[in-house]
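Trainee: For the record, the sequence lines run as chains A and B. Heads up, the first sequence is in the UniProt record's numbering, so the first residue is 1 and it goes up one at a time. Heads up, the second sequence is in the UniProt record's numbering, so the first residue is 1 and it goes up one at a time. Dumping the structure here so I can ask a few things about it.
Protein chains: 2
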Amino acid sequence: MGSGYVTLEQVARHAGVSLATASRVLNGSTRQVGRTLRDRVTASAHELGYLANASAQTLARNTSSLVGLIVHDIADPYFSSIASGVTRAAEDEGLVVVLGTTGRTPQRELELLSTLRSHRARAVVLAGSRTVEEETTRRLADEIATFTGRGGRIACVSQEGLPADTVVPDNRNGAAELARHLIGLGHRRFALLAGPTNLRTARDRLDGFHAALSAAGIELDPRNVVHGAFTRDGGYESTRRLLAAGTDATCLFAVNDVMATGAMAALRDAGLHVPRDLSVAGFDDIPTLRDLTPGLTTVRLPLEWMGEEAARLALSEDAAEEPQTVSVSGEVVVRESTAAPTAG
Amino acid sequence: MGSGYVTLEQVARHAGVSLATASRVLNGSTRQVGRTLRDRVTASAHELGYLANASAQTLARNTSSLVGLIVHDIADPYFSSIASGVTRAAEDEGLVVVLGTTGRTPQRELELLSTLRSHRARAVVLAGSRTVEEETTRRLADEIATFTGRGGRIACVSQEGLPADTVVPDNRNGAAELARHLIGLGHRRFALLAGPTNLRTARDRLDGFHAALSAAGIELDPRNVVHGAFTRDGGYESTRRLLAAGTDATCLFAVNDVMATGAMAALRDAGLHVPRDLSVAGFDDIPTLRDLTPGLTTVRLPLEWMGEEAARLALSEDAAEEPQTVSVSGEVVVRESTAAPTAG
DNA sequence: CGAACGGCGGAAAGAGTTTTCCACCAGGGG
DNA sequence: CCCCTGGTGGAAAACTCTTTCCGCCGTTCG
Numbered sequence: 001m002g003s004g005y006v007t008l009e010q011v012a013r014h015a016g017v018s019l020a021t022a023s024r025v026l027n028g029s030t031r032q033v034g035r036t037l038r039d040r041v042t043a044s045a046h047e048l049g050y051l052a053n054a055s056a057q058t059l060a061r062n063t064s065s066l067v068g069l070i071v072h073d074i075a076d077p078y079f080s081s082i083a084s085g086v087t088r089a090a091e092d093e094g095l096v097v098v099l100g101t102t103g104r105t106p107q108r109e110l111e112l113l114s115t116l117r118s119h120r121a122r123a124v125v126l127a128g129s130r131t132v133e134e135e136t137t138r139r140l141a142d143e144i145a146t147f148t149g150r151g152g153r154i155a156c157v158s159q160e161g162l163p164a165d166t167v168v169p170d171n172r173n174g175a176a177e178l179a180r181h182l183i184g185l186g187h188r189r190f191a192l193l194a195g196p197t198n199l200r201t202a203r204d205r206l207d208g209f210h211a212a213l214s215a216a217g218i219e220l221d222p223r224n225v226v227h228g229a230f231t232r233d234g235g236y237e238s239t240r241r242l243l244a245a246g247t248d249a250t251c252l253f254a255v256n257d258v259m260a261t262g263a264m265a266a267l268r269d270a271g272l273h274v275p276r277d278l279s280v281a282g283f284d285d286i287p288t289l290r291d292l293t294p295g296l297t298t299v300r301l302p303l304e305w306m307g308e309e310a311a312r313l314a315l316s317e318d319a320a321e322e323p324q325t326v327s328v329s330g331e332v333v334v335r336e337s338t339a340a341p342t343a344g
Numbered sequence: 001m002g003s004g005y006v007t008l009e010q011v012a013r014h015a016g017v018s019l020a021t022a023s024r025v026l027n028g029s030t031r032q033v034g035r036t037l038r039d040r041v042t043a044s045a046h047e048l049g050y051l052a053n054a055s056a057q058t059l060a061r062n063t064s065s066l067v068g069l070i071v072h073d074i075a076d077p078y079f080s081s082i083a084s085g086v087t088r089a090a091e092d093e094g095l096v097v098v099l100g101t102t103g104r105t106p107q108r109e110l111e112l113l114s115t116l117r118s119h120r121a122r123a124v125v126l127a128g129s130r131t132v133e134e135e136t137t138r139r140l141a142d143e144i145a146t147f148t149g150r151g152g153r154i155a156c157v158s159q160e161g162l163p164a165d166t167v168v169p170d171n172r173n174g175a176a177e178l179a180r181h182l183i184g185l186g187h188r189r190f191a192l193l194a195g196p197t198n199l200r201t202a203r204d205r206l207d208g209f210h211a212a213l214s215a216a217g218i219e220l221d222p223r224n225v226v227h228g229a230f231t232r233d234g235g236y237e238s239t240r241r242l243l244a245a246g247t248d249a250t251c252l253f254a255v256n257d258v259m260a261t262g263a264m265a266a267l268r269d270a271g272l273h274v275p276r277d278l279s280v281a282g283f284d285d286i287p288t289l290r291d292l293t294p295g296l297t298t299v300r301l302p303l304e305w306m307g308e309e310a311a312r313l314a315l316s317e318d319a320a321e322e323p324q325t326v327s328v329s330g331e332v333v334v335r336e337s338t339a340a341p342t343a344g
């Protein structure tokens, strides 16, 4: 019946053994089966083309081989790098990755988590920065609690403050170190492409940058801080607004690389030369963007590694009582998009 | 027992109805349930926090809500763009995407397909070019036949010749059109970054380009055709070899954008200016690479759309007897990386 | 030499749904 | 007044495995 699928029972019958024995030979590992029967079963299974029904196994074992991966947008190289690490780690363990994309909708994130729960996913990696809004964070925390309460494991990338293991880049220090480097080049007037106001990651990078400026006694003109989408086009748009309003900055810091890319495009379109007219720096060191010219000065994050590490955390058996946090520091990578400000 | 999960039976008992009724209210749609009981059931389900067990449903219904997506490398923007389209289409249907990465190993591709079969995936999208090798293609075709024979559906992106629906870019014509444009600019001596010798996509683009040259009476110096990996680093390396051997070409065509990116980097490192010293063109129009400078002349493929379309094909109910092929044509996009050859 | 034991095979009880069939009830036509 | 019909609820089989428990056999210890 079952649309042509061979069942374990058929294999057992073909081999002349019981269901239990067939199961023990082909899947279960707990108990030994005698050489003779073992061979008969494997031969039958092979001959009939048996393939275990994963759903039935999940149901019977009450644990699946699924690992969830939730990202905002898989086409964004930031997330696809993380995804690459996650899949590598999961596939190493013989697990299967379920990919969900939120499109940056908190509601969708909850739905996905619930779907994964209904599939009894063994673990979930949640990538993508949280907003600072109380309400959605609380609901997400609830959903996470339910998930872990049911025996699932969760790890987050870049989302501190949730009740789960977390791999979190040191955004503040990375941005601060970058700021110090730029100050060292001689810059004093900065413009900031700050991203969305409510995005945690954006805010942390901003804060770190700002703190370093303050420490150096540098004021930041509020008109030089412009908010916009966390995307390439957001960077482009923000930069146009900045230029339209007129700016005295000699250096522009975009809180991520894709925004910086948009900024460079906008500057180019405006006939400005980087770094001669304006220095530009980003954050993340997206691999695909390493070939931009001029090369983008940025803060390198080991994105694939972060994905791998998150997956490892989520899959580790030693369920620590307290959520662990792995902090990863960024490394300032100096390229040609930044230079000393031209005199004047 | 079941690690805290609420079962349908508990809901039924709580609502004072039978299992069948509860199932009909909460999941099945075939039959009507009276208003009173319906409300009681939904109320109980909500109160107890019921969430259906997807594995049990898959088992009982004998069809799952999983859609497989197999790519070579999710960090490659080519694949992540396609993946973005596939996930969008799948999520629109309320389905869940299972992501598998092959690392370009044919063996791994077979394993993944088998895993997806064991999960009773409803459909699979297979992205990534095939090699021209008979043996692996045959085995893949076998596996695909088994899959579809069991009621699954498969669609391929960019892999003609398999027994499945296919979305295939018109690589030959795209490359030919690009060649004609370049010839129109005045180029006569071309160098080709040809990618791996055994990769179907690479070969088709090569052939199309070559055909257009021949049609224009242009000879291609075999020493100007260099093979290498289909990656950014492959492009870099191939270009270095080309330069080391010395070349008289005025225009370099890389069979995909990421190789072209590597080529531009290598040229830059060699102190050559694009397009003054050498024009460069690619293929794909990867979104993330649109901000390179100089802008890369290339052939645009609607990658996300191709992923969506493949998913739609794989999910369409009207299982046509014969595999369908959707051909998508590329559009030459002219940017600054190509120019007329400098006199001399 | 009897009893305890260790190893291995099988029967059967789940795991959580869906779905088929049957039963019941009210209403309408003969 | 009886029978058939249409609508609704329930009992139970099915889906495919895993795993517990039980029984059998041949050893080995006391």
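Ideal Cβ positions, reconstructed from N, Cα and C, are used throughout, including at glycine.
Can you check whether the CB of ALA281 (chain B) is closer than 9 angstroms to the CB of THR297 (chain B)?
Mentor: Yes. Within cutoff.
Trainee: So, is the C-beta of GLU304 (chain A) closer than 9 angstroms to a C-beta in chain B?
Mentor: So yes, GLU304 (chain A) belongs to the interface.
Trainee: If the cut-off is 8 angstroms on Cβ atoms, which residues from the stretch 94-113 of chain B count as contacting chain A, listed in chain order?
Mentor: Answer set for the stretch 94-113 of chain B: VAL96, VAL97, VAL98, LEU99, GLY100 and THR101.
Trainee: Who are the neighbours of ALA339 (chain A) on chain B, taking C-beta pairs under 9 angstroms?
Mentor: Per Cβ cutoff of 9 angstroms: no residues; ALA339 (chain A) is ~17 angstroms from chain B at best.
Trainee: Roughly how far, in whole angstroms, is the beta-carbon of ALA310 (chain B) from the beta-carbon of VAL67 (chain B), given that I think they are within contact range, below 8 angstroms?
Mentor: About 11 angstroms separates the two Cβ atoms, so there is no contact after all.
Trainee: I think VAL98 (chain A) touches LEU116 (chain A), with their Cβ atoms under 8 angstroms apart; what is that distance to the nearest whole Å?
Mentor: Yes, they are in contact, since the Cβ atoms of VAL98 (chain A) and LEU116 (chain A) sit about 6 angstroms apart, within 8 angstroms.
Trainee: Taking beta-carbon pairs under 9 angstroms, can you tell me which members of the stretch 114-148 of chain B lie near chain A?
Mentor: Per Cβ criterion, the list reads SER114, THR115, LEU116, ARG117, SER118, HIS119, ARG120 and THR146.
Trainee: What whole-angstrom Cβ distance do ALA123 (chain A) and ARG153 (chain A) have, given they're in contact under 8 angstroms?
Mentor: Confirmed, about 4 angstroms.
Trainee: Could you tell me whether the Cβ atoms of PRO169 (chain B) and LEU301 (chain B) are closer together than 9 angstroms?
Mentor: The answer is yes: Cβ separation under 9 angstroms.
Trainee: What does DSSP give as the partner residues of LEU69 (chain B) in its beta bridges?
Mentor: Partner(s): B:LEU99 and B:VAL125.
Trainee: Is the beta carbon of SER279 (chain B) less than 9 angstroms from the beta carbon of HIS210 (chain B)?
Mentor: Taking 9 angstroms as the Cβ cut-off, SER279 (chain B) and HIS210 (chain B) do not qualify as a contacting pair.
Trainee: What's the C-alpha gap between residue 345 (chain A) and ALA54 (chain B)?
Mentor: Residue 345 (chain A) is absent from the structure shown; chain A starts at 1 and stops at 344.
Trainee: Is PRO341 (chain B) buried or exposed, if buried means 16 or more other CB atoms sit within 10 Å of its CB?
Mentor: Burial call: buried.
Trainee: Using a Cβ cut-off of 9 angstroms (strictly closer), state whether ALA83 (chain A) contacts chain B.
Mentor: By this cut-off, ALA83 (chain A) is an interface position.
Trainee: Considering only the beta carbon of each residue, do GLY174 (chain B) and VAL299 (chain B) sit closer than 9 angstroms?
Mentor: Yes, Cβ-Cβ distance for GLY174 (chain B) and VAL299 (chain B) is below 9 angstroms.
Trainee: In whole angstroms, give me the CA-to-CA distance for ARG200 (chain A) and ALA244 (chain A).
Mentor: If you take the alpha carbons of ARG200 (chain A) and ALA244 (chain A), they lie about 28 angstroms apart.
Trainee: Just tell me which of A:VAL255, A:LEU292, A:ARG232 and A:PHE253 has its CA closest to the CA of ASP76 (chain A).
Mentor: That would be A:ARG232, whose Cα lies nearest to the Cα of ASP76 (chain A).
Trainee: Name the chain B residues whose beta carbon is nearer than 8 angstroms to that of THR284 (chain A)?
Mentor: Looking at the sequence itself, residue 284 (chain A) is Asp, so the reference to Thr does not match. Those within 8 angstroms of ASP284 (chain A) in chain B number zero; the least Cβ separation is about 13 angstroms.
Trainee: Let me make sure I understand the geometry here. Which of B:ARG189, B:ALA164, B:ALA339 and B:ALA20 has the alpha-carbon closest to that of VAL274 (chain B)?
Mentor: Selected option, being the one with the closest Cα: B:ALA339.
Trainee: Under the rule that 16 or more other beta-carbon atoms within 10 Å means buried, what is GLU135 (chain B), buried or exposed?
Mentor: Exposed: under 16 other Cβ atoms inside 10 Å.
Trainee: Please determine, among B:ARG205, B:ASP207, B:ALA254 and B:SER214, the residue with the shortest C-alpha to C-alpha distance to ALA191 (chain B).
Mentor: Per the Cα distances, B:ALA254.
Trainee: Going along chain A in order, which residues have a C-beta closer than 9 angstroms to the C-beta of MET264 (chain B)?
Mentor: The answer, in chain order, is ASP291 and THR293.
Trainee: Excluding the 5 residues flanking SER65 (chain B) on each side, which residues of the same chain have their C-beta closer than 6 angstroms to its C-beta?
Mentor: Cβ within range, chain order: LEU95 and VAL96.
Trainee: Output, in sequence order along the chain, the residues in the UniProt domain "HTH lacI-type" (6-61) of chain A whose CB is closer than 7 angstroms to any CB in chain B.
Mentor: Residues LEU51, ALA52, ASN53, ALA54, SER55, ALA56, THR58 and LEU59.
Trainee: Report yes or no: do three or more beta-carbon pairs, one from the stretch 41-54 of chain A and one from the stretch 13-23 of chain A, lie closer than 8 angstroms?
Mentor: Because the criterion of three Cβ pairs below 8 angstroms is met, the stretch 41-54 of chain A and the stretch 13-23 of chain A touch.
Trainee: Exposed or buried, what is GLU177 (chain A) when buried is set at 16 or more other beta-carbons lying within 10 Å of its beta-carbon?
Mentor: Under this definition GLU177 (chain A) is a buried residue.
Trainee: Within 10 Å of its beta-carbon, does PRO222 (chain B) have 16 or more other beta-carbons around it, so buried, or fewer, so exposed?
Mentor: PRO222 (chain B) comes out exposed.
Trainee: Does the distance from the C-beta atom of residue 392 (chain B) to that of ALA179 (chain B) stay below 9 angstroms?
Mentor: Outside the displayed span of chain B (1 to 344) sits residue 392 (chain B), for which this structure offers no information.
Trainee: Could you check the C-alpha separation between PRO323 (chain B) and PRO294 (chain B) for me, to the nearest Å?
Mentor: In a straight line, the C-alpha of PRO323 (chain B) is about 41 angstroms away from that of PRO294 (chain B).
Trainee: Measure from the C-beta of PRO77 (chain A) to each C-beta in chain B and report whether the shortest distance is under 9 angstroms.
Mentor: Yes, its Cβ sits closer than 9 angstroms to a Cβ of chain B.
Trainee: Exposed or buried, MET1 (chain B), counting other C-beta atoms within 10 Å across all chains shown (16 or more means buried)?
Mentor: The predicted model places MET1 (chain B) with a pLDDT of 39, which falls under 50 and marks its position as unreliable, so this point remains unresolved.
Trainee: Using a cut-off of 8 angstroms between C-beta atoms, extract the partners of GLY4 (chain B) located in chain A.
Mentor: Those within 8 angstroms of GLY4 (chain B) in chain A are GLY149, ARG150 and GLY151.
Trainee: From B:GLY208, B:ASN224 and B:TYR5, pick the residue whose C-alpha is nearest to that of THR149 (chain A); which is it?
Mentor: According to the sequence displayed, residue 149 (chain A) carries Gly and not Thr. Considering only alpha carbons, the answer is B:TYR5.
Trainee: Measure from the C-beta of SER329 (chain A) to each C-beta in chain B and report whether the shortest distance is under 9 angstroms.
Mentor: So no, SER329 (chain A) is outside the interface.
Trainee: ASP92 (chain A) versus chain B: which residues are under 8 angstroms apart at the beta carbon?
Mentor: Simply none; closest approach about 12 angstroms.
Trainee: Is the CB of ASP73 (chain B) under 9 angstroms away from at least one CB in chain A?
Mentor: So yes, ASP73 (chain B) belongs to the interface.
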